[in-house]
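Novice: Next up is a structure, given as structure tokens.
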Ligand SMILES: CC(C)(COP(=O)(O)OP(=O)(O)OC[C@H]1O[C@@H](n2cnc3c(N)ncnc32)[C@H](O)[C@@H]1OP(=O)(O)O)[C@@H](O)C(=O)NCCC(=O)NCCS
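Numbering (this note's numbering), first residue to last: 4 to 187.
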């Protein structure tokens, strides 16, 4: 059965707006994704070209919302309007979805990743009726593990040769946050 079509949803936190990507975000996404850490720990192409940012906005995000299977948000600082990261919530079977995120290098360490992730998890549980939020990271991504733990995720273990990255399958950590554990 296909998922219901989703209109893009905007979320607001104390310091951030999470909204669907628009073409005006392409330059900022292109710049942020030059970062070595984003290329090392996520599925973005490497090297990262402007066309990759265009594809992210025009195809991945548009289809993610249209199918309802992978809502994607740009995370924008309210005070400045600067793009400071992205968040996503990919469907993973009935009642489950996997979080995904990066914070632009210059915006790290300010709690933005946590603030945005928490908003996405709350929305997933409250509005999408999710029972289980999953977090998957390549083994060794300590900053992402620390952030996920701070958001309430429990590390469940290591899945060998599990998560794809540019044609290879890497060992991955899997964690979860259940709806019943989420502080709404
Ligand atoms: C992981 C990442 C998203 C963290 O983003 P961030 O906005 O800097 O995270 P926050 O400032 O919200 O940090 C929240 C908590 O996470 C933990 N944390 C974040 N970065 C950390 C680091 N480098 N080392 C240790 N703990 C870290 C801390 O507990 C922090 O809380 P504290 O500052 O109160 O101690 C960012 O480093 C990043 O974009 N990395 C590259 C892409 C990536 O790995 N994406 C995830 C793929 S699974």
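Glycine included, every Cβ here is placed at the ideal spot set by N, Cα and C.
Computed from a predicted structure; not experimentally measured.
1) Of the choices 107, 142, 54 and 167, whose alpha-carbon is the least far from that of residue 178?
2) For residue 78, list the residues DSSP reports as bridge partners.
3) For the region 84-159, which segments carrying the alpha helix (DSSP H) assignment without a break, of at least 4 residues, lie completely within its bounds, in sequence order?
4) Rounded to whole angstroms, how far is the Cβ of residue 44 from the Cβ of residue 140, which I believe are closer than 8 angstroms?
5) From residue 88 to residue 34, what distance separates their C-alpha atoms?
6) Does the pairing of the region 50-68 with the region 111-119 give three or more beta-carbon distances under 8 angstroms?
7) Would you say residue 76 touches ligand 1, meaning its beta carbon is less than 7 angstroms from a heavy atom?
8) Between which two residues does the alpha helix (DSSP H) containing residue 56 stretch?
9) What is the rounded straight-line gap between the Cα of residue 4 and the Cα of residue 137?
10) Please find out if some non-hydrogen atom of ligand 1 comes closer than 7 angstroms to the beta-carbon of residue 41.
11) Need the endpoints of the beta strand (DSSP E) that residue 174 sits in, please.
12) The alpha helix (DSSP H) with residue 30 in it runs from where to where?
13) Within a Cβ cutoff of 6 angstroms, which residues of the same chain sit near residue 16, ignoring the five residues on either side of it in sequence?
14) Would you check if there are 3 or more beta carbon pairs closer than 8 angstroms linking the region 124-131 to the region 164-175?
15) Would the beta-carbon of residue 50 be found less than 7 angstroms away from any heavy atom of ligand 1?
16) If I'm right that residue 9 touches residue 71 with Cβ under 8 angstroms, what's the distance once you round it to whole angstroms?
17) State the beta-bridge partners of residue 167 as determined by DSSP.
Specialist: Taking the structure as given:
1) The shortest C-alpha to C-alpha distance from residue 178 to any of 107, 142, 54 and 167 is the one to 142.
2) In the DSSP secondary-structure assignment, residue 78 is bridged to 21 and 88.
3) Listed in chain order, they are 115-131 and 145-153.
4) Confirmed, about 7 angstroms.
5) The alpha-carbon separation between residue 88 and residue 34 amounts to approximately 11 angstroms.
6) In this structure the region 50-68 does not touch the region 111-119; the number of beta carbon pairs closer than 8 angstroms is below three.
7) Relative to ligand 1, the beta carbon of residue 76 is positioned no closer than 7 angstroms to any heavy atom.
8) 53-58 is the span of the alpha helix (DSSP H), which, as asked, contains residue 56.
9) With a pLDDT of 41 at residue 4, under the threshold of 50, the modelled position of this residue cannot be trusted; read the value that follows with caution. Their backbone Cα atoms lie some 22 angstroms apart in a straight line.
10) At least one heavy atom of ligand 1 falls within 7 angstroms of the beta-carbon of residue 41.
11) In this chain, the beta strand (DSSP E) harbouring residue 174 covers 171-181.
12) First-last of the alpha helix (DSSP H) with residue 30: 29-35.
13) Contacts found: 118 and 122.
14) These segments do not touch.
15) Flag unset: Cβ of residue 50 not near ligand 1.
16) Separation of the CB atoms of residue 9 and residue 71 is rounded to 4 angstroms, and the pair is thereby assigned contact status at 8 angstroms.
17) In the DSSP assignment, residue 167 forms a beta bridge with 172.
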